[in-house]
Amino acid sequence: MNKSVMIVGVGGQGTLLASRILGSAMLEKGFDVKVGEVHGMSQRGGSVVTYVRFGESVNSPVIERGEADVLLAFEQLEAARALPYLKSGGVAVVNTQKIDPMSVVTGAAQYPEGLLPAMKEKGAKVLDVDALALAEQAGSQKAVNVVLIGAMARQLEPDVDLWLRAVKACVPERFYELNEKAFRLGFGE
Amino acid sequence: MKQLLLGNEAVARGLFEAGVRVVSSYPGTPSTEITEAAAKFEELDCEWAPNEKVAAEVAAGAAIGGARSFCAMKHVGLNVAADPVFTMSYIGVNAGMVLAVADDPGMHSSQNEQDSRHYARAAKLPMLEPADSQECKEFTKRAYALSEEFDTPVILRLTTRIAHARGVVECGEREEIALKEYVKEPSKNVMLPAFARPKHEKVEARTKALVEWAEGCGLNRIEDNGAKRGAICAGAVYQYAKEALGDSANYLKLGLVWPLPEKLIRDFASLCETVYVIEELDDFIESHCRALGVEVVGKDVFPRCGELSQRLVKKLVDGVELPAAQLDGPLPVRPPVMCCGCPHRGLFYALKRAGVYVSGDIGCYTLGASAPLSAMDACICMGASVSALHGYNKARGSEAAKKSVAVIGDSTFIHSGITSLIDIAYNRTNSTVIILDNSITGMTGHQQNPSTGYNIYNEPAQAVDLEALCRAVGIHRVQVVDPYDLKETQRVLREELEAEEPSVIISRRPCALLKSVKHEKPLAVDPEKCVGCQACMGIGCPAISMRGGKAQVDPTQCVGCGVCAALCGKGAMA
C-alpha cells in the first residue's frame, strides 16, 4: 500500500529538505518514490507544498484531497489550510510556530485562533511539536526543519539509522552533528 | 545506479548520456533546472543566453555545425523562439537538435496557460512527452536518434508536475558522439525561397513518414486490461488516470504527442465501448481522434483550464470523491511577497507615492502589483513594459508621459527590453523607463545573466554596461539610484518624470538573498517613540507587524535595509 506524506509551510522554511530526506530514506528502503515540488513564484514567502509518495509503485506525484496519510506542517495556518488533504484517520504533525501572512501583517485579516483544536474537532489526529524550542535545545534555531522531520519520521518508520543516513546524505557535513541531535529530539528518543 | 531525480535533472542526465555537446537556454519556471543540472556535466558546453530566440539559434547553429545540441525554455519562451524554430523545421539537422518546452498548467509561475503542443503541429515538428523522470531521461535520448533519423529538430514537452517531480531514475553511461563532418550545402541550410520551396515538400513527406513511424515506434503503447472503457492520455495525466481508474480501464499511453498515430488509435478504440481522451488544457488529442472519426469523451467532461489530478479524473469519470475535512470559515491567504530587504520595495513605494501609471514586466517585481504597494497597472510578457509604455504614452499624450513609468529587471531588459528602448529613443515619447538592476535573474532562482559579470559556471564574464548601452541607443538622461535611499529615489523619479525627453533610471542594489550580500543589524522599534501611526506598514515588509498598537520588527527576518526607518516620522525605528 502506498503512503502519502504532504509537507506544507511558508516559503523559506526549508520544507524541500524534509521531502528530500524522506524521499532518500524511502528510496534506500527499496520503495518506488515520487516527490512533487513547486518552484518559482510560490517560494517568495507564500504557502509552499511538497508531496512525497512511496510504495511498491507510485503513479501521481501529487497528493489530492483526502489522500495524505501524514501531514507535516511547518506552520499552524498552513496546517489548517492543508486539512482537507489529510486522509480520515491521518496524522498531522504540526509545528506550533505561527507566521503572519501579509494580510495579517497589514491588519486586513486576523490570524485565526484555536486552529489545532479545530483540526482535532474535525477528526484529525494532531501531534503538535514546539520545534523551535527543540531546535534551540539541539543548538540552533535553524534546525527547526530537522526536528520536524524527526517527528514525522516516527510516524512512518522506526529505523533511526536509516533516517540518519538520509539526513547525512542531504545536509552539509559540518552541520551533521547538530542535525542528528535535532532529528533525535524530534523523533522523541 | 538508481537516483531520485527531478524530471528536469533527468532530462539533463539524458543530454549527458546522449553525447550532447552544446546547451543554450534562458531560465524560465518550470524549465530552469534542466540547464542548471546540465552545467554540472563538464562534457557539456552550457550557457545562459540573453533570450530563448538566441538560445534556439545557438542550438541550431551547433546542430548545423555537427554537435548534438539542446535548448530549454518555458512555454512562453517558445513564443520568443518560434521564429528560428519554424525555419529549422525546414532546414533540419546535421547532428541532432532537441528543444525542451515546459508548460505550466495551473499557472504556478506563469502569466498564461498556453498549450505548447500546438507548436509541434504548427511547426511540423515531432514532440515527445515523458510521464515520469525515467522517461524524461529515456525520451531525451530517443529524441536525438529521432532527430537524426528524420532530419528534424525534436521538441520535448514537459509540464510542471513532470519537470518538478522527483522520481527514480536508472542512470547509464555517456555515449561519446564524434563531431559530425560539416559539408557546405546551401540548398539544405540557406532558406532562400528557391531552396525553401522543395524543403516544404520534404517537411510534409517527413510528417507522413513520422505518422507511420508513430504506429510502431514503441513510444506509444496500449495497455489492455480487458476493460470496457479506455483512456487515451500522455505525460502527468497518464499517471493521474492510472491512479484514478486502475485496471478498470484500458490505456493508450502516448509518448509521441505529435504527429499522432492513426491505426493505433483506431485499434485502441475498437477494444473499448467508451474512449476517454484525458488531457490538460486544449483538446489536442481529442480533436485528432474526432478527425479520424473515432468517437471519444473529452472536453465535454474534462476542463480546459487548470491542472487535472487523480481526484478530478475519478470525480469526472466515476463521480466518486474521497471525503475531505475542512475548517469552518475562510483562512487568510498567503500569497508570495517581496522578501525582507528586497531592493524593489523602496522603488515601488516611491512609485506608489508618486501615483504614476506603472507598465510592469516579468520577474519578482511583478509582486509590486500586490497590496499594500499596489503599484502596477499592466503586465504582459518579457520586455513589454518598455514598448507598452511607449504605446500608452502615444495614446494618452505628453501629460500622461509625466505620470507614467515602465519597470523592468536587469535580466528581462537584456532579454527583450533593449529593442523596446530603442523604439522609445527612435520614435520619441518622453517615457521614463526604470531598470531594476538587482544583479541577478531573481524569480527563477538566481541565474547569472549578461549584465551580472558572471557566466553559468560563475566564472567572470563580459558584463553589459547598462548605462552606456542606454546612452548608445539614444537615451541622454540616465541616472542611477540606490532604492534603499528612499529620498534620493523619490527625487530622481520626480526629476525624470518632468524631463522633456526620454529617460532611464537604473535602480541598482543586489538581491538581498544573494550569498554575497551582507546583511545589516536588524532594526528594533523603540516603543516609547512609536505612536502606532503605521507609516512603516506602507511598504509591506513581512518583518514588520503591529502588536498592541505598536510596530514590531521580527529580528529573525529583518536584514536591516532601513527603508522602514526612512518612513518613520518619530525616529522610532533604528
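Chains L and P, in that order, are what the protein sequence lines are. So in my numbering, spot 73 of the first sequence is number 73, and the numbers just go up one at a time. So in my numbering, spot 243 of the second sequence is number 1243, and the numbers just go up one at a time. Cβ coordinates follow ideal geometry from the N, Cα and C atoms, glycine included. Predicted, not measured: the structure shown is a model, and the values here were computed from it.
Could you please give the first and the last residue of the uninterrupted alpha helix (DSSP H) stretch that includes residue i?
i        : result
T1159(P) : No alpha helix (DSSP H) holds T1159(P); the beta strand (DSSP E) holding it covers V1154 to T1159.
P1430(P) : The sequence shown places Asn at residue 1430(P), not Pro. Careful: N1430(P) lies outside any alpha helix (DSSP H) and carries neither H nor E.
I1034(P) : T1032 to A1038
M26(L)   : T15 to E28
K1053(P) : E1052 to I1064
I99(L)   : It is not in any alpha helix (DSSP H) - I99(L) carries neither H nor E in the DSSP assignment.
A131(L)  : A131 to A138
A82(L)   : Q76 to A82
R165(L)  : V160 to C170
Q1134(P) : S1133 to F1150
Q1310(P) : Q1310 to D1318
Q1490(P) : L1486 to E1498
K1202(P) : P1193 to G1216
Ends of the beta strand (DSSP E) at residue i?
i        : result
D32(L)   : D32 to G36
A1234(P) : R1229 to A1234
Y1182(P) : Premise fails: Y1182(P) is in no beta strand (DSSP E) and is neither H nor E.
R1547(P) : I1544 to R1547
R1121(P) : It is not in any beta strand (DSSP E) - R1121(P) instead sits in the alpha helix (DSSP H) that spans R1117 to A1123.
L72(L)   : A68 to A73
E1170(P) : A1165 to E1170
Y111(L)  : Neither: Y111(L) is in no beta strand (DSSP E) and is coded neither H nor E.
Y1276(P) : T1274 to V1277
K1002(P) : K1002 to L1006
Per DSSP, which residues does residue i bridge with? Please list them.
i        : result
K1074(P) : A1102(P)
F54(L)   : K3(L) and V33(L)
D1247(P) : None, per the DSSP bridge assignment.
S1398(P) : According to DSSP, which records beta bridges pairwise, S1398(P) is partnered with nothing at all.
P1460(P) : Y1454(P)
E1047(P) : S1024(P)
Q1447(P) : T1441(P)
D1267(P) : DSSP output for D1267(P) lists no bridge partner at all.
Y1357(P) : S1404(P)
I1434(P) : V1407(P) and I1505(P)
K1253(P) : R1221(P) and C1233(P)
S202(L)  : Residue coverage of chain L in this structure runs from 1 to 189, which leaves residue 202(L) outside it and unanswerable.
A92(L)   : L71(L) and V126(L)
Using C-beta distances below 6 Å, list every residue in its chain close to residue i, excluding the 5 sequence neighbours before and after it, in chain order.
i        : result
G45(L)   : G11
L1351(P) : V1358 and A1375
K1180(P) : G1066, N1094 and A1095
G1014(P) : K1137, T1140 and K1141
A1236(P) : T1159, R1161 and I1162
L162(L)  : A25
Interface residues of chain L around residue i at Cβ under 9 Å?
i        : result
A1325(P) : G66, L83, P84, L86, S88, M119, K122, G123 and A124
Which chain P residues sit within Cβ distance under 9 Å of residue i?
i       : result
L77(L)  : L1331, P1332 and R1334
A208(L) : This structure does not reach residue 208(L), given that chain L is present from 1 up to 189, and the question cannot be answered.
Got a sec? Which residues, its chain only, sit under 7 Å from residue i by beta carbon, not counting five neighbours each side?
i        : result
V126(L)  : A92, V94, L116, M119 and K120
L1271(P) : D1224, G1230 and N1250
A1425(P) : V1473, G1474, I1475 and P1502
Starting from the C-beta of residue i, find all residues in its chain whose C-beta is less than 8 Å away, skip the five residues before and the five after it, and write them out in chain order.
i        : result
G188(L)  : G150, A151 and R154
V1531(P) : K1570 and A1572
N1458(P) : Q1448
E1500(P) : N1430
Using a C-beta to C-beta distance shorter than 7 Å, which residues of chain L count as neighbours of residue i?
i        : result
K1242(P) : N59
C1339(P) : R44 and G45
Check the Cβ of residue i against every Cβ in chain P and list those closer than 7 Å, keeping chain order.
i       : result
S4(L)   : Those within 7 Å of S4(L) in chain P number zero; the least Cβ separation is about 11 Å.
D100(L) : S1545
G107(L) : M1546
P112(L) : L1331
V62(L)  : R1161 and S1309
T93(L)  : One point to set straight first is that residue 93(L) is Val, not Thr, in the sequence displayed. By Cβ distance, chain P contributes nothing, its closest Cβ being about 16 Å from V93(L), past 7 Å.
Residues of chain L with a CB under 8 Å from the CB of residue i: which are they?
i        : result
S1248(P) : What S1248(P) touches in chain L: nothing, since even the nearest Cβ is about 14 Å away.
M1537(P) : V105, T106 and G107
K1600(P) : Look at the range of chain P in this structure, 1001 to 1574, and you will see that residue 1600(P) is not part of it.
Can you pull the chain P residues whose beta carbon is under 8 Å from the beta carbon of residue i, in chain order?
i       : result
G11(L)  : P1336
V104(L) : P1332 and S1545
Establish whether the CB of residue i and some CB of chain B are separated by less than 8 Å.
i       : result
V167(L) : Considering every chain present, this structure includes no chain B. Its protein chains are L and P.
Within 8 Å of chain P by C-beta, residues of the stretch 136 to 148 of chain L in sequence order: Q141
Proximal residues, the stretch 1293 to 1322 of chain P versus chain L, C-beta separation under 7 Å: S1309, Q1310, R1311 and L1322
Contact set between the stretch 24 to 35 of chain L and chain P, restricted to residues whose Cβ is under 7 Å from the partner: S24, L27, D32, V33, K34 and V35
Interface positions of the stretch 1347 to 1378 of chain P facing chain L (Cβ-Cβ less than 8 Å), listed along the chain: C1364, L1367, S1370, A1371 and P1372
Chain-ordered residues of the stretch 1084 to 1108 of chain P with a beta carbon less than 8 Å from chain L: H1108
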